[in-house]
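For the protein sequence lines, the chains are W and Z, in the order given.
Numbering (numbering that gives the first Met the number 0) for the first sequence: 0 to 290.
Numbering (numbering that gives the first Met the number 0) for the second sequence: 0 to 234.
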Amino acid sequence: MIRYFQKALADIRSNRFLNLITMVTISLSILMVSLCLLFFENLDRIMDGWNQEGRAMVYLVPEFSTQMRPELASAITHMDGVVQVTFVSKDQALARLKNQMAGSTRFLDTLEKNPLPHAFEIQIQTREGFESVAAVVRQIESLDLVESVEYNQKWLARMLDLFQLFRLIGYVVCALFLLIAFFITASTVRLVFHSRQSEVEIMRLVGATDRFIKMPFYVTGLIQGAVGGILGLMILFAAYLAACSGISQSMGNLFHLDVRFLSVTAMGGVWVVSTFLGWFGCYLSLRQLLK
Amino acid sequence: MNLDTGKNAIIRLFNVTKHYGGKPALHNVSLDIEPGEFVFISGPSGAGKSTLLKVLYLAETVSDGQILIDGMNLSRISPARLPFLRRRFGMVFQDFKLIPTLTVFDNVALALEVAGKNPSFIRKKVRHVLRITGMEKKAHMLPPTLSGGEQQRVAVARAVAGDPDIILADEPTGSLDQVSARRVLEILLAYHKKGGTILVASHHLQQLQTVVTGRSIVLEKGRLISATRLEPYAT
Numbered sequence: 000m001i002r003y004f005q006k007a008l009a010d011i012r013s014n015r016f017l018n019l020i021t022m023v024t025i026s027l028s029i030l031m032v033s034l035c036l037l038f039f040e041n042l043d044r045i046m047d048g049w050n051q052e053g054r055a056m057v058y059l060v061p062e063f064s065t066q067m068r069p070e071l072a073s074a075i076t077h078m079d080g081v082v083q084v085t086f087v088s089k090d091q092a093l094a095r096l097k098n099q100m101a102g103s104t105r106f107l108d109t110l111e112k113n114p115l116p117h118a119f120e121i122q123i124q125t126r127e128g129f130e131s132v133a134a135v136v137r138q139i140e141s142l143d144l145v146e147s148v149e150y151n152q153k154w155l156a157r158m159l160d161l162f163q164l165f166r167l168i169g170y171v172v173c174a175l176f177l178l179i180a181f182f183i184t185a186s187t188v189r190l191v192f193h194s195r196q197s198e199v200e201i202m203r204l205v206g207a208t209d210r211f212i213k214m215p216f217y218v219t220g221l222i223q224g225a226v227g228g229i230l231g232l233m234i235l236f237a238a239y240l241a242a243c244s245g246i247s248q249s250m251g252n253l254f255h256l257d258v259r260f261l262s263v264t265a266m267g268g269v270w271v272v273s274t275f276l277g278w279f280g281c282y283l284s285l286r287q288l289l290k
Numbered sequence: 000m001n002l003d004t005g006k007n008a009i010i011r012l013f014n015v016t017k018h019y020g021g022k023p024a025l026h027n028v029s030l031d032i033e034p035g036e037f038v039f040i041s042g043p044s045g046a047g048k049s050t051l052l053k054v055l056y057l058a059e060t061v062s063d064g065q066i067l068i069d070g071m072n073l074s075r076i077s078p079a080r081l082p083f084l085r086r087r088f089g090m091v092f093q094d095f096k097l098i099p100t101l102t103v104f105d106n107v108a109l110a111l112e113v114a115g116k117n118p119s120f121i122r123k124k125v126r127h128v129l130r131i132t133g134m135e136k137k138a139h140m141l142p143p144t145l146s147g148g149e150q151q152r153v154a155v156a157r158a159v160a161g162d163p164d165i166i167l168a169d170e171p172t173g174s175l176d177q178v179s180a181r182r183v184l185e186i187l188l189a190y191h192k193k194g195g196t197i198l199v200a201s202h203h204l205q206q207l208q209t210v211v212t213g214r215s216i217v218l219e220k221g222r223l224i225s226a227t228r229l230e231p232y233a234t
């Protein structure tokens, strides 16, 4: 095996340019793939965070009076999945609105009557998914004193559907980039093989088996894939660091975006896929060339 | 012509015919070669000398007839077994067939590496054959930096390194000056004296005949037209 490894390194040295092109191509493909992964990993985490909040506003009918509050609050609190129930009176709601619309509240002062309803702000357990949340919401909506329920997470569900579509597109893009890397590797092997045709013939004449001839190519493919994978991840990490500092400088005050780099498992996976790709390109090319 | 020299023959050809696009390169050649024989194959260009060697190491397959190597029928050899057959041969070519990117040492070592020998054995053996071929001091040089005679000595060193049963040499001295040719022949002769079987295809039969006892086979237009015993007439 050491001999094959040494031979592969010698081959890489003697075909520097071709091997460099292959490694760069693999690294760019891996960069795109890992960029997609980075996006999806962070998106999943951010969506999870949003999802866990699970808030809903329960607006009450105009006939509701504060005497009815304990009974209704208890009914809602005892429902499965309801974590917290907070009463928001119509006066509190108006105060909140004024607070949120700071500077543009003059028209609110002209109101003769507070138009806002009494409400309950509730927090719902979302671990079991949107369906269970929707069931709780439906249950609350069916109560007599409830006018309507505004469930803020509905938009999140719609966004998740949209992100599933993005994810699908992402997978297709990843597959395309991996395919490109595969074809480049396979083509490089073909070129190197053709440039060493006479050497291979001599090896065969002295009794080399196909395995003996193929092994250095396989090891070369593995090295190309492994190095290409590491390069791709390194480029992504550098870009991530640069982007993070850019985001924190320009938008740090506006949003709190906790963008994290790929997990160790994801990086390991990307590296293994890249290494496998290098080998597989060699394998298929040689299978055809050494028929 | 059938030279049936006995059933212990290491190489047996039965009515071997080889066509290249309808043109016969070998026609109905039958021949037995005993272990330890030195066989000269001569004849004009296009007589089929190289083709005869090629069908022996299966660089070409025969169009008709049978070849047995030590009782093994070549027509029944699977592609997977072919490398093992070839390790029984040491081959020397007029154009040397050395790998230009490998050093002299590595070119010779290749014959042992393909056979899976261990590195320490390879080092020892390669040094030994380079010493007997007089190429020890040039072990780390690349073939293109050597003269033709030196390259051919490296090729012969590679051929004998694996202690093959048979050496097939196709015009081994064809492109060499007299001194270099003589050195190459001496190495082949030393191998022959140790009991090795050698087949040499050459135009320069006289040069070869001066040093060794053997058998001369003459081919013409793919046919075996004569086979005679030779004694060295000069030493």
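Note that beta-carbon positions come from the ideal geometry of N, C-alpha and C, so glycine has one too.
At a cut-off of 9 Å between C-beta atoms, residue 20(Z) does not count as an interface residue with respect to chain W. For residue 95(W), the uninterrupted alpha helix (DSSP H) run begins and ends at 89-99, by DSSP. Flagged as an interface residue toward chain W: residue 112(Z), by a C-beta distance shorter than 9 Å.
Residues of the same chain with a CB within less than 7 Å of the CB of residue 81(Z), apart from the 5 flanking positions on each side, are 57 in chain order. For residue 226(Z), the enclosing beta strand (DSSP E) has its first and last residue at 222-229. Secondary structure of residue 81(W) (DSSP, three-state): strand. The three-state secondary structure of residue 54(Z), taken from DSSP, is helix.
Among the residues of chain Z, those whose CB is under 9 Å from the CB of residue 2(W) are 112 and 118, following chain order. Pairing residue 9(Z) with residue 67(Z), the inter-Cα distance amounts to about 8 Å. Under the three-state reduction of DSSP output, residue 41(Z) falls in the strand class.
A distance below 7 Å between beta-carbons, with the five flanking residues on each side excluded, links residue 26(W) to the following residues of its chain, in chain order: 227, 230, 231 and 234. Note on residue 190(Z): 16 or more other CB atoms within 10 angstroms of its CB, so buried under the neighbour-count rule.
In the same chain as residue 288(W), and ignoring 5 residues on each side of it, the C-beta atoms closer than 6 Å to its own belong to 192, in chain order.
According to DSSP, residue 149(Z) shares a beta bridge with no other residue.
When DSSP reads this structure, residue 18(Z) sits in a beta bridge with 23(Z). Within the segment 192-209 of chain W, 195, 197, 198, 200, 201, 202, 203, 204, 205, 206, 207, 208 and 209 place their CB atoms closer than 9 Å to a CB of chain Z, listed in sequence order. Along the segment 94-119 of chain Z, the beta strand (DSSP E) does not occur as any fully enclosed run of 3 or more residues. Taking a C-beta cut-off of 9 Å against chain W, the contacting residues of the segment 58-84 of chain Z are 58, 78, 79, 81, 82, 83 and 84, listed in chain order. The CB of residue 13(W) comes closer than 8 Å to the CB of 100 in chain Z, given here in chain order.
Shown in chain order are the members of the segment 209-227 of chain W whose Cβ falls below 7 Å from a Cβ of chain Z: 211. At a Cβ-Cβ threshold of 9 Å, residue 138(Z) and residue 159(Z) do not count as neighbours. Bridge pairing for residue 71(Z): 68(Z) [DSSP]. Linking residue 117(W) to residue 83(W) through their CA atoms gives a straight-line distance of about 17 Å. Between the alpha carbons of residue 157(W) and residue 167(W) lies a distance of about 16 Å. Within the segment 86-98 of chain Z, 86, 87, 88, 89, 90, 92, 96, 97 and 98 place their CB atoms closer than 9 Å to a CB of chain W, listed in sequence order. Taking a C-beta cut-off of 8 Å against chain W, the contacting residues of the segment 156-175 of chain Z are 157 and 161, listed in chain order.
Excluding five sequence positions before and after residue 59(Z), the CB atoms of its chain that fall closer than 8 Å to its own CB belong to 17, 50 and 53, given in chain order.
For residue 56(W), the pairing in a beta bridge is given by DSSP as 120(W) and 149(W).
When DSSP reads this structure, residue 215(Z) sits in a beta bridge with 39(Z) and 227(Z). In the displayed model, residue 218(W) falls within a helix according to three-state DSSP. Less than 9 Å divides the Cβ of residue 166(Z) from the Cβ of residue 196(Z).
In the DSSP assignment, residue 90(Z) is bridged to 167(Z). The beta carbon of residue 44(Z) lies closer than 6 Å to none in the same chain, with the five residues before and after it left out. The distance from the Cβ of residue 277(W) to that of residue 224(W) is about 2 Å, consistent with a contact at the 8 Å cut-off. At a beta-carbon threshold of 9 Å, the residues of chain W lying near residue 109(Z) are 201, 202, 205 and 207, ordered along the chain. Interface flag for residue 56(Z) against chain W is set, since a Cβ pair is found closer than 9 Å.
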